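Here the working numbering is used: the first residue of the sequence shown is 140, the next is one more, and so on.
All residues carry an ideal CB built from backbone N, CA and C; glycine is no exception.
All values derive from a computational prediction rather than experimental measurement.
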Amino acid sequence: MLRNIIGILWACAILFSAQARQTDSVQVLTLHQYHQLILTHHPVAAQAGLLTEQARQELRMSRGSLDPVLQSKLYRKEFGGKEYYNLWDTYLQVPLWFGPAIKAGFERNTGQFVNPENSTPSNGLSYVGISVPLGQGLFMDERRAAIKQAKLMQGIAEAERVKLINKLLLQATKDYWDWVLQHRTTQLYQEARELADFRLNAVRARVQQGDLAAIDTVEALMALQDREVMLQQAQLALQNARLQVAVHLWAEDQVPLELQPTTIPSSVGAETATIGAEELDRLLAAAKSNHPVLQKLSLKSEQLEVERRFAANKLLPKLNAEYNVLQSDFYQQPDAINQSYLQQNYKLGVSVSMPLFLREERGKLQVTKTKQQANALELVQQSRVIEASVQTAYNDLLALERQLYLQQSMVASARILRNGEQTRFENGESSLFLINSREVKLLEAEAKLYALRTKYAKAKTMLYWAAGQIPVE
């Protein structure tokens with residue numbers, strides 16, 4: 140018995156020494172570091188970031204409709220050695236946000252056959268004026284509608300970016316916890332295999348001393364072989380889990396990264412932490428206000444409202460008024476702002492047009508209203524679905540929390556039974572078969588406990604994902 144105790148202590152010392160050397164050489168990849176690598180270099184994260192840039196450039200494009208325009212036109216006709224006309228018109232037009240447009244220019248038309256209405260003084264004619272829409276375009280026009288919708292599109296792009304990032308982090312986090320599970324399971328079976336190997340050597344030694352029957356070596360050998368198979372299966376699952384985690388790891392310039400053999404995961408984040416009703420209420424409120432799906436639908440509703448206002452504006456007649464002050468040269472004359480001058484030197488125009496049936500305009504308005512109703516119904520439906528998803532994830536989390544406590548109790552009970560059977564065996568009151576059976580039950584209970592902890596960690600991630608916010612601390 141003394142030799143056996145010394146042998147056990149010696150084996151434990153060797154095992155602890157090997158674990159210490161392994162701990163010194165390993166590198167731990169935490170969940171936080173894992174998330175940071177994904178957010179920094181993952182192609183999907185970079186692609187999601189491009190959505191925001193694309194929306195920003197589309198807003199710039201829509202604002203281009205308010206850019207000042209400088210235009211110049213020159214026409215000349217000469218035939219048979221005779222000059223018919225020279226027409227030159229240069230102007231700057233500045234659209235204003237609220238509808239009107241300011242126009243200032245200079246024209247000079249010469250020749251024998253210039254249309255009298257286009258004739259100008261010999262030194263040219265300058266003008267400055269304003270064009271005002273009094274019907275369509277007074278309260279809403281195409282350029283203002285495009286700019287407002289482009290501004291809302293920035294929010295939609297941001298919501299889509301958050302949605303893509305959340306989806307990426309959800310899958311990556313699940314793969315990380317699978318890696319943690321397989322790593323811990325492999326460690327469990329490795330320890331069980333070493334214990335079975337040590338017991339086989341001990342049984343052989345006792346058989347040689349005559350304390351045990353030779354058949355016990357067969358029982359110990361079968362236990363070792365069984366655990367060797369379980370260890371190989373766990374190692375295979377660990378390799379596959381590592382490959383799945385490595386899929387999400389990238390360096391700069393989209394260079395894929397590989398996990399080093401000495402890199403191991405950390406179980407920080409899988410701890411059991413009760414989430415109360417207050418936290419659930421906070422998540423539900425956050426989901427209603429910040430969930431990317433609901434944000435997209437809400438912003439789309441605002442876009443459709445802009446589109447409806449523009450379609451309703453189309454029902455108004457086109458009524459445009461234009462007034463230009465004229466002077467006989469390019470330079471500003473001091474008396475050009477006098478009332479008498481303004482009343483005698485101007486060009487005024489008014490244009491009116493309106494379709495008689497307005498079928499296109501009325502149809503467009505009704506289509507937009509139908510889109511608004513459909514979007515409102517989808518918003519109500521998605522709000523309900525998201526609320527149910529959060530509640531379901533919360534219920535799963537609570538159920539797993541209770542299962543974890545029960546499984547921890549089962550592991551403790553299985554360990555007590557194993558230790559008691561070991562004591563009985565040392566006292567000659569039990570058999571090696573019963574010890575192995577107790578150890579198999581303990582291994583199954585511990586493996587199930589690891590699996591439940593992984594499910595709990597995944598369920599916690601699912602809860603925050605359902606609420607639209609996966610925390611990355």
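Those residues which DSSP pairs with residue i across a bridge
i: Q232; result: V208, K242
i: R300; result: R300 is not bridged to any residue.
i: S569; result: Answer by DSSP bridge pairing: none, since S569 is not bridged.
i: E642; result: Residue coverage of the chain in this structure runs from 140 to 612, which leaves residue 642 outside it and unanswerable.
i: A390; result: V394
i: T411; result: Beta-bridge pairing links T411 to no other residue.
i: V167; result: I403
i: T249; result: N225
CB contact flag (residue i, residue j, <7 Å)
i: H430; j: G294; result: no
i: V445; j: A284; result: yes
i: A426; j: I286; result: no
i: Q321; j: L377; result: yes
i: A335; j: V346; result: no
i: L168; j: T401; result: no
i: V271; j: Y224; result: no
i: A538; j: A605; result: no
i: S569; j: R563; result: yes
i: L443; j: E500; result: no
i: W318; j: V394; result: no
i: A450; j: L495; result: no
i: K435; j: A296; result: no
i: R577; j: L556; result: yes
i: Q275; j: K457; result: yes
i: N566; j: A362; result: no
Backbone secondary structure at residue i - three-state DSSP
i: A460; result: strand
i: V357; result: helix
i: N429; result: helix
i: L602; result: helix
i: T402; result: strand
i: A477; result: In the sequence as presented, Ala is not what sits at residue 477; that position holds Asn. N477 falls in the coil class under three-state DSSP.
i: Q466; result: strand
i: G349; result: coil
i: Q546; result: helix
i: F564; result: helix
i: I555; result: helix
i: H181; result: coil
i: P610; result: coil
i: F237; result: coil
i: N254; result: coil
i: L591; result: helix
i: R160; result: The pLDDT assigned to R160 is 43, lower than 50, so where the model puts this residue is not dependable; a value taken from the coordinates is nonetheless given after this. DSSP places R160 in helix when its eight states are reduced to three.
i: A150; result: Any reading at A150 must be qualified, since the residue scores a pLDDT of 42, below 50, and its modelled position is unreliable; the value itself is stated next. Helix at A150.
i: K453; result: coil
- Inspect the CB distances between the region 254-271 and the region 235-246 and report whether three or more fall short of 8 Å. Yes, since at least three Cβ pairs between the region 254-271 and the region 235-246 fall closer than 8 Å, the two stretches touch.
- Query: Can at least three beta-carbon pairs, one atom from the region 450-467 and one from the region 487-503, be found at a separation below 8 Å?
  - Reply: Taking a contact to require three or more Cβ pairs closer than 8 Å, the region 450-467 and the region 487-503 qualify as touching.
- Query: When the Cβ atoms of the region 593-601 are set against those of the region 397-411, are three or more pairs found closer than 8 Å?
  - Reply: Note that the region 593-601 touches the region 397-411; at least 3 beta-carbon pairs, one per stretch, sit closer than 8 Å.
- Would the region 538-549 and the region 322-333 be scored as touching if the rule is three or more Cβ pairs under 8 Å? no
- Output the residue ranges of the beta strand (DSSP E) runs that lie fully inside the region 259-342 and measure 3 residues or longer, sorted by chain position. 264-272
- Item | Completely contained beta strand (DSSP E) runs for the region 482-534, where each covers 3 or more residues | 485-492
- Task: Report yes or no: do three or more beta-carbon pairs, one from the region 574-586 and one from the region 506-521, lie closer than 8 Å?
- Result: no
- Message: Quick test of the definition: if touching needs 3 or more C-beta pairs under 8 Å, does the region 172-180 touch the region 189-201?
- Response: no
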